Each structure stands twice: as structure tokens, then as C-alpha cells.
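**Q** Quick note on the numbering used here: the sequence shown kicks off at 13 and runs consecutively. If you scroll down you'll find the structure; I have some questions about it.
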Amino acid sequence: MRREACVRERAAAWVRGALPLVLAGLLFFQAGAATVFAAAPAESIIPPAMEARARAVFERLVDVLRADYPELETYTIQVVHEKVANAWINQDHQIFVTTGLMDLMETDDQLGGVIGHEIAHGIMGHIPHRINQSLWSAFAVLALGMLSSTQGPADWGGLLEMRDLFMYAYSREQESEADLVGMRLAQRAGYDPRGLVEALERMDSQRRGLSPDSVWQQLYQTHPPLSQRISELRLVLATDALSQSPRSGNLLMTGNVAQSPEEAARRFAQAMWSGDRETMEQLALPRHTSQVSDWLSGQAGRLDPGWAKAELEIAERRTQGLDQVLVVRLWRPLADGDGGEESTPLVALSLRRSARGWLVADWRLEDL
């Protein structure tokens, strides 16, 4: 323990005292991992069948999505030699998947979910934002890598891989967004949406077997917990199943779904204050049918058909897991025509995206 503390102290002092050298080293490393991979030893050559599989899944996604995302023509994929399962996309829209990931993914549904996730990061513009946020993390990785080389041969290829991954560390919101969008992209290409969940479960199982001192463990600590992402995606899949159940047939037959959380909030608020049971049941998750009845009974004295055309005000927005929570109220002119306005009480609506559109997962009064 004393020796470990001493090493950590030396590392910290080294980083503080040699930052100019680290900066110079970073400029050298900006050439990227491709140079190192090109010079890989013979034992690191990627099996042709593995490369072909990765390319086939990637091209299937691109073929289906290119009409909506023409920028995908510039995307590429490459398998790199690393036993730990991982994947990432860089600023040049090069997607890298490790040999460890390829071995770990039992089905193309799983691999399609992972590649879809990386494509989602690219098309949603996450990459430039996270480069700026994570620069200091990259400096620290390079510095510690240089320090480790004084105690034995340094794995510079691994360090280059880590440079890209730390440079592109994601926020929790970005990871959740890429999980959801990536799952949908894979689904559009004909892959089972459960594949991404299964892939993350397998990666989480492998992560648990890594040494606590592993650099990969340190990487995982810079990203949202895999277990949390898995739980959120399971919730989305459960929502999809509910939205397609026989009890929600009215919604599915009419196509009367909301395409944004704001649209769902406006229509649901107008329905809940005007007494429109049918619209409430169309937009609420099926399990909340009894809650719709309870609401309409409890608010009977306040319901007024005139609220069906009222204007929506969004007083607050927040995120809760994969749900968007909008705190809203309706406004309308007073009936006496003197120019005044009246409003409904504030209501917090939890809105959840399903395969069919945005649904209301829950609601409650905020100011009573």
C-alpha cells in the first residue's frame, strides 16, 4: 500500500511538472492509432473472417440508413487488435471495434447494436463536443503512460487506443441518447433491438472480470455505468411492448401518436383539462388506463372543454433516466373579454419515447 501511494504521488508530481512535455507528446499522438495498427506485428493480424463480419454488419446499416443520413458515405469501420471488448468512433468518422468485441458478440444482432450505437454518436454530433471536455483526461493518460515506461516496456499501441477513448469520453446524456438512437438504427436495418442490451450485458460481465488496476477499468469509470444503461434500455423495450399491446390498439390503428415530447405534453395537457378520455388513453402507457379514470373523476369540477384549444407553457424541463419530464400548464383568455388570462395548475408529465412515438409514462400535480 505504501509503495502504491508512493507511485501515485510520483505520478501526480510528474504530471504537474511535465505538462509541456505531455502537450508535445499529444501533438505527436494526434496522428492517431492507424499508424500503430499498420505496424502491428504478425501475430496481431486480424482474421479475414472477422473483418468481413464487421464490414457486412456495418454495410447493412449504412445501406438502410444512407437515404436519411447521406454523411454515412464517409464512415468507415476497422477491426483493431485488443483482447478487451470495446468500440469507438473518432473525429474522422472511423469506427473501431476490437478483436475482443468481435469474439464476445455471439450474434450479429448484438454487433449491429454496438455499431449502431457508434454511428449514432457520429450523426448526433457528439464527437466535437466531447473532445473539448476530455482533453485534460487525455493529457493525464499520456503522462501516466510515459511514467509507466520508466518501469518497463510501454504498450504504446494500447496507449494510443486509450488516447482516443479518453479524448472521446461521453456524458451520461450522450451515452443514453446514442443507446436509444443506435438501437433504433439497428432495428431499422432488421436487427433485433434486444441485441444492444445483450451486447452491453456481455461487456459488463467481461468488465467485472478485469483487474481493478486495469487501465480499461479506469476507462469504464469515465463512462456511465453499463448496468444503468442496460436498465434504461430494458425500460424502453418494455415500453415498446406495452405500446403495441392489444389494449393500445386504438393508438396503433389511428397512428395518432406524438412525434416529440412537446407535442405529447400539449395534447395530453389539453385532454386532461378538457375531459378528453380517449386522447388521454391514446397517449398514456396502457397500464395507466385506471389512472386516467381516477384523474377525470378527481378533477371533475375543474374540467372544461374550452381547454382543448389552450396554449401550452413549459415551465421546466428535466431528464429522469430516459424519460423527459416537462412541467406544464395551459393558458387561455378570460371569458369576459377584458384581456386577462387564466391558467391550469402546473402538472409534471413524464414522457417516454417508444417505437411508435412519445407516450406519457406518468403525471402529477406540481403546485397543489
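Quick reminder that beta carbons are idealized off the backbone N, C-alpha and C, glycines included. All values reported here derive from a predicted model rather than from experimental measurement.
What does alanine 296 pair with, by DSSP beta-bridge criteria?
**A** Val372, per the DSSP bridge assignment.
**Q** Using the rule of at least 16 other Cβ atoms within 10 Å of the residue's Cβ for burial, across every protein chain shown, is tryptophan 343 buried or exposed?
**A** So tryptophan 343 ends up on the exposed side.
**Q** Mind checking whether glycine 207 and isoleucine 131 have CB atoms under 8 Å apart?
**A** Against a cut-off of 8 Å, the Cβ pair of isoleucine 131 and glycine 207 comes out as no contact.
**Q** In the region 273-352, which residue ranges form an unbroken beta strand (DSSP E) of at least 3 residues, counting only runs that do not cross its ends?
**A** For the region 273-352, whole beta strand (DSSP E) runs of length 3 or above, ordered along the chain, are 323-332 and 335-345.
**Q** Drop a sphere of 10 angstroms on the beta-carbon of leucine 116, count the other beta-carbons inside from all chains shown, and report buried for 16 or more, exposed for fewer.
**A** With 16 or more Cβ atoms within 10 Å of its Cβ, leucine 116 is classed as buried.
**Q** Which residue marks the beginning of the beta strand (DSSP E) containing isoleucine 107, and which one marks its end?
**A** Segment 106-110, the beta strand (DSSP E) holding isoleucine 107.
**Q** Quick one: grab the DSSP three-state call for serine 183.
**A** If DSSP states are grouped into helix, strand and coil, serine 183 belongs with coil.
**Q** Do leucine 192 and valine 248 count as a contact pair if the criterion is CB distance below 8 Å?
**A** Yes, Cβ-Cβ distance for valine 248 and leucine 192 is below 8 Å.
**Q** Below 7 Å CB to CB, which residues in the same chain sit around leucine 324 once its five sequence neighbours on both sides are set aside?
**A** Here the set comprises Ala277, Arg278, Ala281, Val340 and Leu342.
**Q** Hey, how far is the Cα of glycine 287 from the Cα of aspartate 316?
**A** Computed Cα separation, rounded: 7 Å.
**Q** Between the alpha carbons of glutamate 63 and alanine 190, how many angstroms are there, rounded?
**A** Those two C-alpha atoms are separated by around 24 Å.
**Q** Would you kindly work out how many angstroms separate the C-alpha atoms of valine 74 and leucine 297, rounded to a whole number?
**A** Distance between the alpha carbons of valine 74 and leucine 297: 33 Å.
**Q** Would a C-beta distance cut-off of 8 Å place arginine 241 and glutamate 187 closer than the cut-off?
**A** Contact: yes.
**Q** Leaving out five residues before and five after isoleucine 58 in sequence, what residues of the same chain have Cβ atoms less than 7 Å from its Cβ?
**A** So the qualifying residues of the chain are Val91, His93 and Thr111.
**Q** What is the residue span of the alpha helix (DSSP H) that leucine 363 lies within?
**A** No alpha helix (DSSP H) holds leucine 363; the beta strand (DSSP E) holding it covers 359-366.
**Q** Looking only at C-alpha atoms, which of Glu71, Met284 and Gln218 sits nearest to glycine 318?
**A** Of Glu71, Met284 and Gln218, the residue nearest in Cα terms is Met284.
**Q** To the nearest angstrom, how far is the alpha carbon of leucine 346 from that of glycine 313?
**A** One C-alpha to the other measures close to 18 Å.
**Q** Go through its chain and collect everything with a Cβ distance to leucine 384's Cβ below 8 Å, but skip five positions before and after it.
**A** For the chain, the structure presents residues 13 to 380; residue 384 sits outside this window and is missing.
**Q** Span of the alpha helix (DSSP H) holding alanine 132?
**A** Its alpha helix (DSSP H) spans residues 120-135.
**Q** Label serine 366 either buried or exposed according to how many other C-beta atoms from any shown protein chain fall within 10 Å of its C-beta, with 16 as the threshold for buried.
**A** Counting Cβ neighbours within 10 Å, serine 366 comes out buried, since at least 16 surround it.
**Q** What number of angstroms, rounded off, separates the C-alpha of alanine 68 from the C-alpha of glycine 369?
**A** Straight-line Cα distance between these residues: approximately 30 Å.
**Q** Leaving out five residues before and five after serine 239 in sequence, what residues of the same chain have Cβ atoms less than 8 Å from its Cβ?
**A** For serine 239, where only same-chain residues beyond five positions count, the Cβ hits under 8 Å are Asp216.
**Q** Using DSSP's beta-bridge definition, name the partner residues of glutamate 354.
**A** Answer is Arg344, bridged to glutamate 354.
**Q** Let me check one thing: in DSSP terms, what residues is threonine 414 bridge-paired to?
**A** It is not possible to answer for residue 414, since the shown part of the chain is limited to 13 through 380.
**Q** Just the C-alpha distance for alanine 446 and glutamine 311, rounded to the nearest angstrom, thanks.
**A** The displayed coordinates of the chain run from 13 to 380. Any statement about residue 446 would go beyond what the structure contains.
**Q** Buried or exposed, going by whether 16 or more other CB atoms sit within 10 Å of the CB of proline 82?
**A** Proline 82 should be labelled exposed.
**Q** Going by the beta-carbon positions, is the gap between serine 362 and aspartate 374 smaller than 8 Å?
**A** Result yes, Cβ atoms of serine 362 and aspartate 374 sit closer than 8 Å.
**Q** For the candidate residues Ala360, Thr291 and Ile107, whose alpha-carbon lies nearest to that of threonine 88?
**A** That would be Ile107, whose Cα lies nearest to the Cα of threonine 88.
**Q** When the Cα atoms are used, what is the spatial distance from isoleucine 326 to proline 60?
**A** Straight-line Cα distance between these residues: approximately 54 Å.
**Q** Where does proline 258 sit, in a helix, a strand or coil, going by DSSP?
**A** For proline 258, the predicted model reports a pLDDT of 47, less than 50, meaning its position is unreliable and no value from the coordinates is stated.
**Q** Quick check: glycine 124 and isoleucine 101, are their CB atoms within less than 8 Å of each other?
**A** Their beta carbons are not under 8 Å apart, which means glycine 124 does not touch isoleucine 101 by this criterion.
**Q** Evaluate leucine 245 with the Cβ neighbour count: other Cβ atoms within 10 Å of its Cβ, from every protein chain shown; 16 or more gives buried, anything less gives exposed.
**A** Leucine 245 comes out buried.
**Q** Grouping DSSP H, G and I as helix and E and B as strand, with all else coil, what is alanine 201?
**A** In the structure shown, alanine 201 sits in coil (DSSP, three-state: anything other than H, G, I, E or B).
**Q** Can you tell me whether glycine 128 is buried or exposed, with buried defined as 16 or more other CB within 10 angstroms of its CB?
**A** When all chains shown are included, glycine 128 counts as buried.
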